[in-house]
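Here the protein sequences come in this chain order: G and C. Per our numbering, the first sequence starts with residue 22, numbered consecutively. Per our numbering, the second sequence starts with residue 187, numbered consecutively. Taking it in order: structure first as structure tokens, then the write-up.
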Amino acid sequence: MSAIQSAFPGAVLESKVESDRRLWITVDPKRLVEITQFLRDKKDFDHYSGAAGIDKINDNLFEVVEILTSHGAHQVVVMMKVKVPRDSPSVRSLTGLYWNANWYEREIWEMYGINFEGHPELYPLLLPDELVGYWPWRKDFKGYPDTTTGERAIEQVGPDGYTEFKIMPHPEMIKAGVVPERPKYPTFREREEAEIKSDSEMIMHMGPQHAIVPGPFLLDLLIEGERVKKAFLDVGYIHKGIEKIMENRTYLQGIVYTDRMCYLASITNNEAYCGAVEKLLGITPPERAQYIRVILAELSRIQSHLLGTGEFLTLLGAATYSPFQYMIIDREDIVYLMESITGARITHTFVRFGGVRNDLPDGFADKARPILKRMRERTEEYMDLLHSDPIYTRRMRGIGVLSPGDARRLGVSGPPLRASDTPYDMRREDPILVYPDLDFKVVTRKAGDAEARVEVRLEEILESIHIIEQCLDQIPDGPIQEKLPKKIKPEPGEAYYRVEDPRGEMGFYVVSDGSEKPYRVKVRGPVYAYMQALPPLLEGAYVADVVAIAGSMDACTSEVDR
Amino acid sequence: MVLKSLKYTLKTALTTTEVTRLYPEVMMELPANERGIHELDATTCIGCGSCARVCPNSCIEMVPYKYGNPLKNRKMQFPQIDYGRCTFCGLCVDECPVSCLKMGKRTEIAGWDRKDIVYGPDRIAVKKFSDKEVAELEAEAKRQAEEKKKAAAAAAKEKAAKAKGKENKAKTKPSEGGEA
Ligand code: SF4
Ligand code: SF4
């Protein structure tokens with residue numbers, strides 16, 4: 022990609038072509054926006070995939086990595102880095118170029134305190150408004166628990182004999198200036214109330230605990246009559262800090278945490294993380310292990326789609342029958358198949374660096390084939406049933422239409438994007454494992470409405486079944502684990518690896534500093550992107566359709582919050 | 187078209203086999219590599235503590251236990267697992283150098299108290315020695331230790347002798363040199 026170099030002499034400080042699909046460049050922070058614009062307009066990098074912040078405390082630098090890709094024009098992923106000094110970190114915001122840069126930059130701001138010039142709303146996203154102390158993901162952060170002493174709280178016995186625990190940092194510490202105070206900004210509530218313009222408008226809360234939401238998040242709708250005027254999203258209710266936890270665990274222990282991000286996609290999360298670490302270690306798993314991973318990934322896709330669709334259909338009030346029950350019954354078979362391989366039902370921790378944990382059990386193919394066959398019949402039946410259900414079609418057809426242009430602009434991926442006529446699938450875009458040897462088609466729909474999204478999911482189940490059947494036919498004998506170094510300590514470096522999650526593009530960006538713990542792990546999840554796209558999608562919709570629209574995205578809050 | 191769905195409901199009701207589980211009475215069939223409660227083979231565990239080190243949740247603690255093999259496990263320390271924290275990830279099983287830790291099909295862990303679900307080696311051991319065997323093994327260990335001690339003492343003696351010899355030699359050397 023010397024085109025960038027020639028177009029911007031002197032702006033590219035470092036560059037590395039890792040393979041024909043990965044390009045790492047470090048650019049001058051002053052010219053970041055120019056270069057990005059050039060890439061977007063001239064080189065078809067129309068998909069902003071995410072951004073990550075890294076605290077290079079030893080070099081006294083912050084790094085921001087912007088991940089740019091293209092929707093099908095080519096398969097190159099540009100990892101564009103800017104380095105800014107630690108004492109006055111500020112980067113130009115890319116929100117002007119890519120709409121969906123908004124949340125990624127907000128997250129970096131709240132975690133690292135890197136200012137984004139020109140960002141429209143630098144408010145906390147995952148962290149609560151009331152949090153004390155600031156920039157928790159900086160390496161020198163001393164909040165609670167204080168990692169230097171391990172103390173979580175200070176125990177004090179009052180004069181009345183009661184013991185009080187003061188969570189650190191406590192108010193006195195803040196007053197004494199040990200912990201810098203957060204800057205002041207309007208809270209979520211103040212922000213949304215500022216939008217109420219007349220008496221005829223009101224705010225309706227959906228959540229944090231609401232039937233449509235698969236986990237806790239707050240969806241506030243500013244409504245006028247029956248129409249949604251504006252939607253506000255507050256996420257972060259189950260922020261677990263997994264990325265930070267993984268910095269304090271060894272590489273191997275990290276696998277366990279990837280499971281917990283989204284239990285419906287735990288295999289693909291494992292896969293993405295292990296893939297990234299394998300890249301750092303420079304190993305490839307043996308072929309049999311690759312097949313096993315593909316089988317599991319597809320099984321997990323089937324069960325995830327079944328549960329997602331079933332759950333959602335109940336909310337729509339599919340009155341005369343309850344597809345949820347049927348789909349759960351079918352899902353049970355699939356989950357049982359997975360359990361017979363991995364030994365666990367949902368949190369598998371199964372993929373290992375350079376292989377898998379154990380081999381397929383004896384007679385797996387014979388057991389799987391009839392189940393897959395039945396699954397195919399059932400899925401076809403569901404498609405037929407849904408198609409002929411008048412209540413369902415009334416509620417879904419033409420609702421929440423996402424045009425191809427909008428879908429790309431908002432940065433969604435996975436089934437919602439494919440339902441908007443964009444054949445963007447990581448298994449094709451960034452083929453991993455043995456996917457290039459397998460025959461499957463990328464399911465797309467033209468309509469882009471809620472119905473199309475469900476159709477895409479159901480048809481993907483059929484494709485997955487097709488893939489698994491091929492795998493069962495083709496799987497070779499052989500070892501399932503590549504030889505590993507005794508201690509997993511990758512050379513200093515970084516890797517980005519993405520897979521097609523049941524819900525879309527899932528990427529792991531892992532930075533190693535040569536020790537046995539990762540220096541930084543960034544998760545680029547698909548649901549994060551959906552969630553961000555939800556407010557614009559809901560604008561102008563009827564309140565009654567909100568459920569259909571939000572539900573058809575098949576979200577998983579746990580992964581958004583991580 | 188609502189009839190179609192009704193028809194489907196009826197069809198499923200009549201043809202699908204029973205799906206509800208009669209759980210406490212009938213346990214579902216678990217696959218061979220189910221990851222349930224750990225099974226420790228106390229006769230082969232060497233007490234290396236690898237399992238405790240790899241556990242991401244630090245739920246393994248090494249505790250003393252009597253019925254192991256003192257020949258291999260000198261300190262007689264065996265894993266104790268806190269099921270209040272275990273995520274059944276199986277890393278400890280993979281890490282064990284002598285493959286004495288496995289995960290079995292037992293999955294019921296409920297207890298009244300948090301302490302109830304901390305399983306010591308006595309509760310996870312599936313293979314262990316009896317008192318008599320332990321006594322024999324201990325005697326054997328003692329004997330071996332003594333032998334070793336003796337051997338060590340002998341070796342030390344020899345070494346000392348050698349060193350003395352060397353010293354003597356060293357002492358004699360300059361004198362030799364002087365003579366020459
Ligand atoms: S299964 Fe995992 S969590 Fe449980 S004791 Fe073993 S290593 Fe720890
Ligand atoms: S169970 Fe295995 S890993 Fe754990 S102490 Fe015993 S021998 Fe070592």
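Note that beta-carbon positions come from the ideal geometry of N, C-alpha and C, so glycine has one too.
Inset, instruction - With a floor of 4 residues, list each alpha helix (DSSP H) that falls wholly inside the stretch 228-266 of chain G, ordered by position along the chain. - result: Correct list: empty.
Inset, instruction - Give me whichever residues DSSP pairs with Arg329 of chain C in a beta bridge. - result: Locating residue 329 of chain C in the second sequence gives position 143, where the first residue counts as 1. Beta-bridge partners assigned by DSSP to Arg329 of chain C: none are found.
Legend entry - C-beta neighbour in chain C for Leu406 of chain G, strict 7 Å: Counted from its first residue, the first sequence places residue 406 of chain G at position 385. Chain C, which has a Cβ nearer than 7 Å to the Cβ of Leu406 of chain G, makes this yes.
Inset, instruction - If I'm right that Val256 of chain G touches Leu147 of chain G with Cβ under 8 Å, what's the distance once you round it to whole angstroms? - result: Locating residue 256 of chain G in the first sequence gives position 235, counting from the first residue. Locating residue 147 of chain G in the first sequence gives position 126, counting from the first residue. In this structure, Val256 of chain G and Leu147 of chain G form a Cβ contact; the two beta carbons are roughly 7 Å apart against a cut-off of 8 Å.
Inset, instruction - Give a single yes or no on whether Ser244 of chain C has its beta carbon closer than 6 Å to a heavy atom of ligand 2. - result: The residue labelled residue 244 of chain C in the question sits at position 58 within the second sequence. Not so, every heavy atom of ligand 2 lies at least 6 Å from the Cβ.
Inset, instruction - Have a look at G:Val315, G:Trp158, G:Leu44, G:Ser485 and flag the residue whose alpha-carbon is nearest the alpha-carbon of Glu131 of chain G. - result: To locate residue 131 of chain G, count along the first sequence from 1; it is residue 110. The option with the nearest alpha carbon to Glu131 of chain G is G:Trp158.
Legend entry - CA nearest to the CA of Asp241 of chain G, picked from G:Val422, G:Glu213, G:Ala516: As a working note, residue 241 of chain G is residue 220 in the first sequence. Residue G:Glu213 is the option with its Cα nearest to Asp241 of chain G.
Legend entry - Shell residues, 7 Å Cβ cut-off relative to heavy atoms of ligand 2: My final list is C:Leu226, C:Cys231, C:Ile232, C:Gly233, C:Cys234, C:Gly235, C:Ser236, C:Cys237, C:Ala238, C:Met248, C:Phe264, C:Pro265, C:Cys278, C:Glu281, C:Cys282, C:Pro283, C:Val284, C:Cys286, C:Leu287.
Inset, instruction - Taking the CB atoms as reference points, tell me whether Ala550 of chain G and Leu301 of chain G lie closer together than 7 Å. - result: Counting from 1 along the first sequence, the entry for residue 550 of chain G is found at position 529. Counting from 1 along the first sequence, the entry for residue 301 of chain G is found at position 280. Taking a C-beta distance under 7 Å as the contact criterion, Ala550 of chain G and Leu301 of chain G do not qualify as a contact pair.
Legend entry - C-beta contact flag for Asp446 of chain G and Glu521 of chain G at 7 Å: Within the first sequence, residue 446 of chain G is the residue found at index 425, counting from 1. Within the first sequence, residue 521 of chain G is the residue found at index 500, counting from 1. Yes.
Inset, instruction - Measure the C-alpha to C-alpha separation of Ala340 of chain G and Ser409 of chain G and round it to an integer number of angstroms. - result: As a first step, residue 340 of chain G must be located in the first sequence, where it is residue number 319. As a first step, residue 409 of chain G must be located in the first sequence, where it is residue number 388. In this prediction, Ala340 of chain G scores a pLDDT of 49, lower than 50, which makes its location untrustworthy; the coordinate-derived value is nonetheless stated afterwards. Approximately 13 Å between the Cα atoms of the pair.
Inset, instruction - Tell me whether the beta-carbon of Ala440 of chain G lies closer than 7 Å to the beta-carbon of Val463 of chain G. - result: By 1-based counting over the first sequence, the position of residue 440 of chain G is 419. By 1-based counting over the first sequence, the position of residue 463 of chain G is 442. The answer is no: Cβ separation not under 7 Å.
Legend entry - Chain-ordered chain G contacts of Met289 of chain C [CB-CB under 9 Å]: As a first step, residue 289 of chain C must be located in the second sequence, where it is residue number 103. Simply Gly364.
Inset, instruction - Using the Cα positions of Thr271 of chain G and Lys538 of chain G, report the straight-line distance between them to the nearest angstrom. - result: Position 250 of the first sequence, counted from the first residue, corresponds to residue 271 of chain G. Position 517 of the first sequence, counted from the first residue, corresponds to residue 538 of chain G. The straight-line gap from Cα to Cα measures roughly 4 Å.
Legend entry - Any non-hydrogen atom of ligand 3 within 6 Å of Phe274 of chain C CB: Absence of ligand 3 is noted for the structure shown, with ligand 1 and ligand 2 being the only ligands found.
Inset, instruction - Tell me, please, whether the CB atom of Tyr209 of chain C is closer than 7 Å to any CB atom in chain G? - result: In the second sequence, counting from the first residue as 1, residue 209 of chain C sits at position 23. Using a Cβ-Cβ cut-off of 7 Å, Tyr209 of chain C does not count as an interface residue toward chain G, since no Cβ of chain G sits closer than that to its own.
Inset, instruction - With a cut-off of 8 Å on the beta carbons, I'd call Gln236 of chain G and Cys577 of chain G a contact; round off their distance for me. - result: Sequence index remark: in the first sequence, residue 236 of chain G carries index 215 (1-based). Sequence index remark: in the first sequence, residue 577 of chain G carries index 556 (1-based). In the sequence as presented, Gln is not what sits at residue 236 of chain G; that position holds Gly. Contact holds; Cβ gap of about 7 Å.
Inset, instruction - Could you pull out every unbroken beta strand (DSSP E) segment of at least 3 residues lying fully inside the stretch 207-264 of chain C, listed in chain order? - result: Taking only runs of at least 3 residues, the beta strand (DSSP E) segments lying wholly in the stretch 207-264 of chain C are 224-227, 246-250.
Legend entry - Min CB distance Pro277 of chain G to chain C below 7 Å: Numbered from 1 along the first sequence, position 256 holds the residue referred to as residue 277 of chain G. Checking the sequence shown, residue 277 of chain G turns out to be Val, not Pro. Cβ-Cβ to chain C under 7 Å: yes for Val277 of chain G.
Legend entry - Minimum Cβ-Cβ distance from Ala218 of chain C to chain G less than 7 Å: Locating residue 218 of chain C in the second sequence gives position 32, counting from the first residue. The Cβ of Ala218 of chain C sits closer than 7 Å to at least one Cβ of chain G.
Inset, instruction - Determine which residues share a DSSP beta bridge with Leu89 of chain G and list them. - result: Mapped onto the first sequence, residue 89 of chain G falls at position 68. Leu89 of chain G is bridged to G:Tyr69, G:Val99.
Inset, instruction - Output, in sequence order along the chain, the residues in the stretch 270-303 of chain C whose CB is closer than 8 Å to any CB in chain G. - result: Residues passing the 8 Å Cβ filter: Thr273, Phe274, Cys275, Gly276, Leu277, Asp280, Met289.
Inset, instruction - Starting from Asn136 of chain G, follow the beta strand (DSSP E) in both directions and report where the run begins and ends. - result: Position 115 of the first sequence, counted from the start, is the residue given in the question as residue 136 of chain G. Note, Asn136 of chain G: beta strand (DSSP E), 136-138.
Inset, instruction - Give the DSSP-derived three-state secondary structure of Asp522 of chain G in the structure shown. - result: Translated into positions along the first sequence, residue 522 of chain G becomes position 501. DSSP, reduced to helix, strand and coil, places Asp522 of chain G within a strand of the structure shown.
Inset, instruction - Report the neighbours of Pro242 of chain C on chain G: residues whose CB is nearer than 7 Å to its CB, in chain order. - result: As a first step, residue 242 of chain C must be located in the second sequence, where it is residue number 56. Contact annotation for Pro242 of chain C against chain G: Arg270, Gln274, Val277 [CB-CB distance below 7 Å, chain order].
Legend entry - Cβ of Ala366 of chain C within 7 Å of any chain G Cβ: Position 180 of the second sequence holds residue 366 of chain C. Caution applies to Ala366 of chain C, whose pLDDT of 38 falls short of 50 and renders its modelled position unreliable; the model cannot decide the point.
Legend entry - Contacts around Gly297 of chain C, its chain only, beta-carbon distance under 7 Å, and the 5 residues preceding and following it disregarded: Within the second sequence, residue 297 of chain C is the residue found at index 111, counting from 1. Cβ neighbours of Gly297 of chain C beyond the five flanking positions: Ile303.
Inset, instruction - Please find out if some non-hydrogen atom of ligand 1 comes closer than 6 Å to the beta-carbon of Tyr276 of chain G. - result: What you label residue 276 of chain G is simply residue 255 of the first sequence in a count that begins at 1. It is Ile, not Tyr, that sits at residue 276 of chain G in the sequence shown. Not one heavy atom of ligand 1 is found less than 6 Å from the C-beta of Ile276 of chain G.
Inset, instruction - Return the first residue and the last residue of the alpha helix (DSSP H) that Lys63 of chain G is part of. - result: Here the question's residue 63 of chain G lines up with position 42 in the first sequence. Taken as a continuous stretch (DSSP letters only), the alpha helix (DSSP H) holding Lys63 of chain G covers 53-63.
Legend entry - Separation of Asp299 of chain C from Arg368 of chain C, as counted between CA atoms: Here chain C comprises residues numbered 187 to 366, so residue 368 of chain C is not present and cannot be evaluated.
Legend entry - Cβ pair count under 8 Å reaching 3, the stretch 37-45 of chain G against the stretch 87-103 of chain G: Taking 8 Å as the limit for Cβ pairs, the verdict is that the stretch 87-103 of chain G does touch the stretch 37-45 of chain G.
Inset, instruction - Return the residue from the list G:Arg466, G:Pro382, G:Ile489, G:Thr370 that minimises the CA-CA distance to Arg390 of chain G. - result: Here residue 390 of chain G refers to the residue found at position 369 of the first sequence. Among G:Arg466, G:Pro382, G:Ile489, G:Thr370, the Cα nearest to that of Arg390 of chain G is on G:Ile489.
Inset, instruction - In angstroms with no decimal places, state the Cα-to-Cα distance between Lys318 of chain C and Cys237 of chain C. - result: Position 132 of the second sequence, counted from the start, is the residue given in the question as residue 318 of chain C. Position 51 of the second sequence, counted from the start, is the residue given in the question as residue 237 of chain C. For the pair Lys318 of chain C and Cys237 of chain C, the Cα-to-Cα distance works out to about 28 Å.
Legend entry - Rounded separation between Phe253 of chain G and Lys218 of chain G - CA only: Within the first sequence, the letter at position 232 stands for residue 253 of chain G. Within the first sequence, the letter at position 197 stands for residue 218 of chain G. Using only the alpha carbons, I get a separation of about 15 Å.
Legend entry - Where the alpha helix (DSSP H) containing Lys300 of chain G begins and where it ends: Taking the first residue of the first sequence as 1, we reach residue 300 of chain G at position 279. For Lys300 of chain G, the enclosing alpha helix (DSSP H) covers residues 287-302.
Legend entry - Any C-beta of chain G under 7 Å from that of Tyr194 of chain C: Within the second sequence, the letter at position 8 stands for residue 194 of chain C. Yes, Tyr194 of chain C lies at the interface with chain G (some Cβ there is under 7 Å from its Cβ).
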